[in-house]
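Undergrad: Heads up: the sequence shown is residues 1 to 145, going by my numbering.
We put the CB at the ideal spot given by N, CA and C, even for glycine.
No experiment lies behind these values; they were computed from the predicted model shown.
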Amino acid sequence: MKQSYQEIVEKNSPKENVIGNAVTAFITGGLMGVLGQFLIDMYVAWLDIPTKEATVCMLVTLIFLSCLFTSLGFFDKWVNFCKCGLIIPITGFAHATMSAALEFRKEGLVTGIGMNMLKLSGAVIIFGVVSSFVFSLIRMVVGLI
1 MKQSYQEIVE
11 KNSPKENVIG
21 NAVTAFITGG
31 LMGVLGQFLI
41 DMYVAWLDIP
51 TKEATVCMLV
61 TLIFLSCLFT
71 SLGFFDKWVN
81 FCKCGLIIPI
91 TGFAHATMSA
101 ALEFRKEGLV
111 TGIGMNMLKL
121 SGAVIIFGVV
131 SSFVFSLIRM
141 VVGLI
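1. Provide the residue span of the alpha helix (DSSP H) that contains Thr70, from first to last.
2. Measure the C-alpha to C-alpha separation of Trp78 and Gln37 and round it to an integer number of angstroms.
3. For Arg105, which of Ile90, Gly85, Ser71 has the nearest alpha-carbon?
4. Relative to the C-alpha of Asn80, which residue among Leu144, Ala25, Ile138 is closest?
5. From Met140 to Leu65, what does the alpha carbon distance come to, in whole angstroms?
6. In the structure shown, what three-state DSSP assignment does Ile88 receive?
7. Taking 9 Å as the threshold (C-beta atoms), are Cys67 and Met98 in contact?
8. In its own chain, which residues sit with a C-beta less than 6 Å from the C-beta of Gly114, not counting the 5 before and 5 after it?
The structure is reproduced here in structure tokens:
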């Protein structure tokens, strides 16, 4: 009996633990939220700034840490364990951008990093802007009714 390559791969590939992955992503995503709130509270208390400005500082801190850990090679290992708990927040966006920059750095500053840095994350920006526009139009039309 002749089996296709895809059937052999599916039969011999390890099965993913979907429930376990979902629980892990939920917990690590929650811990990211706790870390973010801790940073906001810390910035409000230590720097004596309003919560709105502390939120911006928290986002900058998480983006910086994500880029730093991507550069050092830690972030990919953490994502393998944490799954979408680290990819869905802004840390995942920073990781995608930094990974592309690191991958193409040998091609030069402009043609390597500059042209390829936003390959993956650029699509996220475009779909975010377009969907925001569409939903704002829907909200405007519903508001007129």
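TA: Answer, in terms of the structure:
1. Stepping through the sequence shown from its first residue, residue 70 is reached at position 70. It spans 51 to 72 - the alpha helix (DSSP H) in which Thr70 sits, taken as one unbroken run.
2. The count along the sequence shown starts at 1 and reaches residue 78 at position 78. The count along the sequence shown starts at 1 and reaches residue 37 at position 37. If you take the alpha carbons of Trp78 and Gln37, they lie about 21 Å apart.
3. Numbered from its first residue, the sequence shown carries residue 105 at position 105. The residue with the shortest Cα to Cα distance from Arg105 is Ser71.
4. Here the question's residue 80 lines up with position 80 in the sequence shown. Asn80 has its Cα closest to that of Ala25, out of Leu144, Ala25, Ile138.
5. For the purposes of this step, residue 140 is identified with residue 140 of the sequence shown, where counting begins at 1. For the purposes of this step, residue 65 is identified with residue 65 of the sequence shown, where counting begins at 1. Approximately 38 Å, taken between the alpha carbons.
6. Position 88 of the sequence shown, counted from the start, is the residue given in the question as residue 88. Under the three-state reduction of DSSP output, Ile88 falls in the coil class, being neither helix nor strand.
7. On the sequence shown, position 98 is the one that residue 98 refers to. On the sequence shown, position 67 is the one that residue 67 refers to. Cβ atoms of Met98 and Cys67: closer than 9 Å.
8. Taking the first residue of the sequence shown as 1, we reach residue 114 at position 114. There are no such residues.
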